[in-house]
Amino acid sequence: EKYLIRCVLNLQVAGPLLYHIKTGICRNSSFEILFNVKETPQTAMEEEVGAFTKLIEAMGFTGPLKYNKWKIKIAALRMYTCCVERINYDEFFEKCSLPDTLNSWFLVAQLHVWICLVRIRQEGREGKYMCRYIVHSMWEDVEQRSKIMGIDAIHRKESMRAMTETFYAAIFGYDEGILSDDGVLAAALWRNMFNRQCEDPRQLELMVEYVRKQMQFIDALDGEDLLLTGEVNWRPLLEDNAQSILKVPTPTYNDAGL
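First residue of the sequence shown: 1, per the working numbering; consecutive thereafter.
Okay, structure coming up:
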């Protein structure tokens, strides 16, 4: 038996979203967003939600959560801050041949926001609630940066609309890529982060490896800590032994077999 519930994640789109528990897909009339929901004991087993909670969530409100909502909101803001302040954007611009512009900054930022969304959505209803405020923090920051740069209201509105479309397209592409092989992920990065202008396959290889190792790294972090603190320390773009986190270490034995 399949279940559909209304997704309360407010991603600034028109129309309600329906979240398919079995497949991890959010749908509305205009697009689909595929989230990577792992089969963990918490997500594989449907949460016990009362009839009243289901009713108020169907009306677009958030039901009772395991943790204080304000703590989750603060953690969401801190997690978004980690996507902005703990990333060496100049290094990304240099290694990926990206121009030093607001749009390039946004393309790198949204990649890290997506990584956080994929991970935190594994934490049930609390995770969905936190995702809503991570995305909200991102749009607030983008708008403030646009104002600081002196972009007038008309062009700022147009830029925000374009960035919104870019964000949702990137989410769908990255989700498809992370669930598929490296070729599909590389294609998603080429379309979204590189804006179809990458001519050096080594840059795509670097970013595919970067995404894979970050996903494995953040997936190993404790879910409760993420919900309450939002702290994420990213692995660097370039590492001497970047493959170490991507491969399960093989055990070594002595002569006695121990």
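Here a beta-carbon is modelled for each residue, glycine too, at the ideal position from N, C-alpha and C.
All values derive from a computational prediction rather than experimental measurement.
Run the CB neighbour count on residue 40, radius 10 Å, all protein chains shown included, and call it buried at 16 or more, exposed below. Residue placement at residue 40 is flagged as unreliable, the pLDDT there being 38, under the threshold of 50; the coordinate-derived value follows with that caveat. Residue 40 is exposed by the Cβ-count criterion.
Could you compute how far the alpha carbon of residue 91 sits from the alpha carbon of residue 84? The alpha-carbon atoms of residue 91 and residue 84 are separated by roughly 13 angstroms.
Once you ignore the five residues that flank residue 42 on each side, which residues in its own chain have a CB closer than 8 angstroms to its CB? For residue 42, the predicted structure reports a pLDDT of 40, less than 50, and the residue's modelled location is therefore unreliable. A value from the coordinates is still provided. Hits under 8 angstroms: 122, 123, 124 and 223.
Given a threshold of 16 other Cβ atoms within 10 Å of its Cβ, counted over all protein chains shown, does residue 260 qualify as buried or as exposed? One cannot answer for residue 260 here, as it falls past the ends of the chain, which runs 1 to 258.
Can you name the start and end residues of the alpha helix (DSSP H) that residue 135 belongs to? Secondary structure note for residue 135: its alpha helix (DSSP H) is the uninterrupted segment 124-148.
Within 10 angstroms of the Cβ of residue 213, are there 16 or more other Cβ atoms? Answer buried if so, exposed if not. A residue is called buried when at least 16 other Cβ atoms come within 10 angstroms of its Cβ; residue 213 meets this threshold and is buried.
Where do the ends of the alpha helix (DSSP H) carrying residue 69 lie? Start and end: 69-85.
Cβ pair residue 237, residue 206 closer than 9 angstroms: In this structure, residue 237 places its C-beta atom within 9 angstroms of the C-beta atom of residue 206.
Can you look up residue 36 in the DSSP assignment and give me helix, strand or coil? Only weak support exists for where residue 36 lies, its pLDDT of 39 falling under 50; the value from the coordinates is given anyway. When DSSP states are grouped into helix, strand and coil, residue 36 belongs to the coil group.
Select from 114, 139 and 78 the residue whose C-alpha is nearest the C-alpha of residue 188. Comparing Cα-Cα distances from residue 188 to each of 114, 139 and 78, the minimum goes to 114.
Specify whether the region 194-210 and the region 93-108 touch according to this definition: at least 3 beta carbon pairs, one from each stretch, less than 8 angstroms apart. Yes, they touch.
Three-state class that DSSP yields for residue 234 in the structure shown: Under the three-state reduction of DSSP, residue 234 is assigned to coil, being neither helix nor strand.
Euclidean distance between Cα positions of residue 179 and residue 157: Note on geometry: alpha-carbon atoms of residue 179 and residue 157 lie some 33 angstroms from one another.
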